[in-house]
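Trainee: Residue numbers (my numbering), protein chains in the order written: chain A, 1 to 131; chain B, 1 to 298.
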Amino acid sequence: DEHPKAAPSATPPYNLSQYFKQFVFPQNECELHSFRLSFSQLKWDKWIIAPHRYSPQYCKGDCPRVVGHRYGSPVHTMVQNIIYEKLDPSVPKPSCVPAEYSPLSVLTIEPDGSIVYKEYEDMIATKCTCR
Amino acid sequence: PHSRARLSSAKTSGFLGAPKGTASDLNPLLQLPKSVRGGYALLPPLLKVLSDRGHQSWASESPRLQPDSRALRYMKRLYKMSATKEGIPKANKSHLYNTVRLFTPCLECEHPPRDLGKGDVHSVDLLFNLDRVTALEHLLKSVLLYSFDTSIPLSSSIRCLCRLAVKEQGSSGQVCPSLSHSPAFSLHFEARKRRWLEMDVTSFLQPLIATHRRNIHVAVNFTCLLGDPQHSTKPVTPLNAALVPPSLLLYLNDTSEQAHHRWNSPGHGRTGDSPRLDPTGDRGHEDSQGKRASRQRR
């Protein structure tokens, strides 16, 4: 720059970080968390023969304001966020919930002593979304 | 407000929580107001089992029939073939069942084995109670499962002939009527390879199970010979196997919403009706219609 202008006043550091903060994703953003339980903890291992351990997973975290691109959320989610922010805070913010699941195979002993192998749908959360 | 408060308490304790205190605390469903409890019937079968069993095992020690140890060993082996250690169903393209039920006979009468000189005739009357089969579970295959309970010379081949007859309850309420003749099933296998002997009786039991018969009473007449009479030079010796009364294995397709439907899952890459393969994953032959359909799809 041949014509040095007056040295711009150094923007105090805190403004810059403040300025960028609005673009940083929230620290505890909505995401899938692992949770493993064993049926012996629940004292159900007498009749749930398999599996011994079960990881249902769960979704937890804040939903960013502009959710469309990251979670496949419908436009309604952003509308609900705007209602919450600008019109009526009693309307809840969008929630972090499971969007997809996977099945689980269970081997159990029935009350009559028969044994059943069953595959249940939607027993393990595999993906989260904001709704 | 009252019922809602109670509902929320049910929600917090939940049937998964370890209950403490009186029976009413034990089973959260009992805390629900009467109007809501009706919804209990809507619970998916697994949750019903969990909440039922949770209630029974904590509130009242109802006697629990323990399954036969051999049957349990077989079902654990089936589980290992069908799911991973974490319980994820294996994406096995040709295994269509999402439910397998094993019933041990709750009643059998031993007929004194009549020695026909060509082999032991082993006959039993068996009563299977199928109350646990739901209306939404459709039969894909049924098998009588024998386990050999004796040491058989390993290199031998075994040839068995089995006759099955459905027994109606006698007018005099007689429980073990005499044996009448019926379609025969024959089997030939190598002892060393089999701890289990699966006899496919689907065609025989289909009509009974399709009509949701709760009790199936069959008379089974089983004749086994060691060695192959046509070829072996050795005298055919009757098989003194102590055949344990068989269990009944039902491969079912549970059409309820809570059950996992394989052919709809991405692993199958198939939509609509399930491919006509053998439900248990044996080498089935996709019929010409299936081939044509898959060619059209391609």
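All residues carry an ideal CB built from backbone N, CA and C; glycine is no exception.
Please read all numbers here as calculations on a predicted model, not as lab measurements.
Measuring straight from C-alpha to C-alpha, what distance separates B/HIS260 and B/LEU249?
Mentor: Between B/HIS260 and B/LEU249, the C-alpha separation is close to 20 Å.
Trainee: When the Cα atoms are used, what is the spatial distance from A/ILE132 to A/LYS60?
Mentor: A query on residue 132 of chain A cannot be resolved here, the shown segment of chain A reaching from 1 to 131 and no further.
Trainee: Is the Cβ of B/GLU86 closer than 8 Å to any Cβ of chain A?
Mentor: Closer than 8 Å to some Cβ of chain A, the Cβ of B/GLU86 qualifies, so yes.
Trainee: When the Cα atoms are used, what is the spatial distance from A/ASN28 to B/THR211?
Mentor: Approximately 55 Å between the Cα atoms of the pair.
Trainee: Strictly by DSSP, which residues pair up with A/ASP88?
Mentor: Answer is none; A/ASP88 lacks a bridge partner.
Trainee: Is there contact here, the segment 113-131 of chain A with the segment 91-101 of chain B, by at least three beta-carbon pairs under 8 Å?
Mentor: Output reads yes: the segment 91-101 of chain B touches the segment 113-131 of chain A.
Trainee: Return the first residue and the last residue of the alpha helix (DSSP H) that B/PHE204 is part of.
Mentor: Residues 202-210.
Trainee: Just grab the DSSP bridge partners of B/ARG73 for me.
Mentor: B/ARG73 is not bridged to any residue.
Trainee: Determine the chain B residues that contact A/ASP112 at a beta-carbon separation under 7 Å, and present them in chain order.
Mentor: Result: LEU65, ASN129, ASP131, ARG132.
Trainee: For a contact defined as C-beta to C-beta under 9 Å, what are the partners of B/ASN92 on chain A?
Mentor: Ordered by position in chain A, no residue passes the 9 Å Cβ test against B/ASN92, which lies about 11 Å from the chain.
Trainee: Whole angstroms is fine: what's the gap from A/ARG65's alpha carbon to A/GLY72's?
Mentor: Near 13 Å, if we compare the C-alpha coordinates of A/GLY72 and A/ARG65.
Trainee: For chain E, check one thing: does any of its Cβ atoms lie closer than 8 Å to the Cβ of A/SER40?
Mentor: No chain E is part of this structure, whose protein chains are labelled A and B.
Trainee: Who are A/PRO98's beta bridge partners in DSSP?
Mentor: BP columns for A/PRO98 point to A/CYS128.
Trainee: Between B/PHE103 and chain A, is any beta-carbon pair separated by less than 8 Å?
Mentor: So, interface residue.
Trainee: So, is the C-beta of A/TYR54 closer than 8 Å to a C-beta in chain B?
Mentor: Chain B contact via Cβ: present.
Trainee: Using the Cβ count rule (16 or more neighbours within 10 Å means buried), how would you classify B/SER142?
Mentor: Under this definition B/SER142 is a buried residue.
Trainee: Using 8 Å as the Cβ pair cut-off and three pairs as the minimum, do the segment 70-77 of chain B and the segment 86-106 of chain A touch?
Mentor: Too few Cβ pairs lie closer than 8 Å, so no.
Trainee: For B/THR202, which residues from the same chain have a beta carbon less than 6 Å from its beta carbon, with the 5 sequence-adjacent residues on both sides left out?
Mentor: Hits under 6 Å: LYS141, SER142.
Trainee: For a quick check, are the C-beta atoms of A/TYR58 and A/HIS33 less than 8 Å apart?
Mentor: Their beta carbons are under 8 Å apart, which means A/TYR58 touches A/HIS33 by this criterion.
Trainee: In whole angstroms, what separates the C-alpha of B/THR271 from that of A/CYS63?
Mentor: Residue confidence is low: B/THR271 scores 38 on pLDDT, short of 50, so the model does not pin down where it sits. No coordinate-derived value is stated.
Trainee: Report the neighbours of B/PRO246 on chain A: residues whose CB is nearer than 7 Å to its CB, in chain order.
Mentor: Those within 7 Å of B/PRO246 in chain A number zero; the least Cβ separation is about 14 Å.
Trainee: B/TYR79 and A/LEU107 look like a contact to me (Cβ under 8 Å); what is the Cβ gap, rounded to whole Å?
Mentor: The Cβ separation is near 5 Å, so the contact holds.
Trainee: If you measure beta-carbon to beta-carbon, which residues of the segment 100-127 of chain A are closer than 9 Å to chain B?
Mentor: Correct list: SER102, PRO103, LEU104, SER105, VAL106, LEU107, THR108, ILE109, GLU110, PRO111, ASP112, GLY113, SER114, ILE115, VAL116, TYR117, LYS118, GLU119, TYR120, GLU121, ASP122, MET123, ILE124.
Trainee: Reducing DSSP to helix, strand and coil, say where B/TYR97 ends up.
Mentor: Note: B/TYR97 maps to coil in three-state DSSP.
Trainee: 8 Å is my cut-off, CB to CB: does A/PRO98 come that close to chain B?
Mentor: No, no contact with chain B.
Trainee: For chain B, is any of its Cβ atoms less than 8 Å away from the one on A/ILE49?
Mentor: Chain B, which has a Cβ nearer than 8 Å to the Cβ of A/ILE49, makes this yes.
Trainee: Alpha carbon to alpha carbon, what distance is there between B/ASP125 and B/LYS85?
Mentor: Spanning the two alpha carbons is a distance of roughly 38 Å.
Trainee: May I have the straight-line CA-CA distance separating B/GLN66 from B/ASN92, to the nearest angstrom?
Mentor: If you take the alpha carbons of B/GLN66 and B/ASN92, they lie about 31 Å apart.
Trainee: Hey, quick one: how far does the alpha helix (DSSP H) through A/ASN81 stretch, first residue to last?
Mentor: Per DSSP, A/ASN81 belongs to the alpha helix (DSSP H) from 75-82.
Trainee: For B/HIS217, count neighbouring Cβ atoms within 10 angstroms of its own Cβ and tell me buried if that reaches 16, exposed if not.
Mentor: It counts as buried.
Trainee: Any idea if A/PHE35 is buried or exposed, counting beta-carbon neighbours within 10 angstroms, 16 or more meaning buried?
Mentor: Result: exposed.
Trainee: Using a cut-off of 8 Å between C-beta atoms, extract the partners of B/MET75 located in chain A.
Mentor: In chain order: ILE49, LEU107, ILE115, TYR117.
Trainee: Under a three-way DSSP split, which group does A/SER34 fall into?
Mentor: Looking at A/SER34 - three-state DSSP - the assignment turns out to be coil, as it is neither helix nor strand.
Trainee: Who does B/TYR345 pair with in a DSSP beta bridge?
Mentor: As shown, chain B starts at 1 and ends at 298. That puts residue 345 of chain B outside it, with no answer to give.
Trainee: From this set, B/ALA135, B/LEU145, B/PHE204, which residue's C-alpha is nearest B/PHE103's C-alpha?
Mentor: The residue with the shortest Cα to Cα distance from B/PHE103 is B/LEU145.
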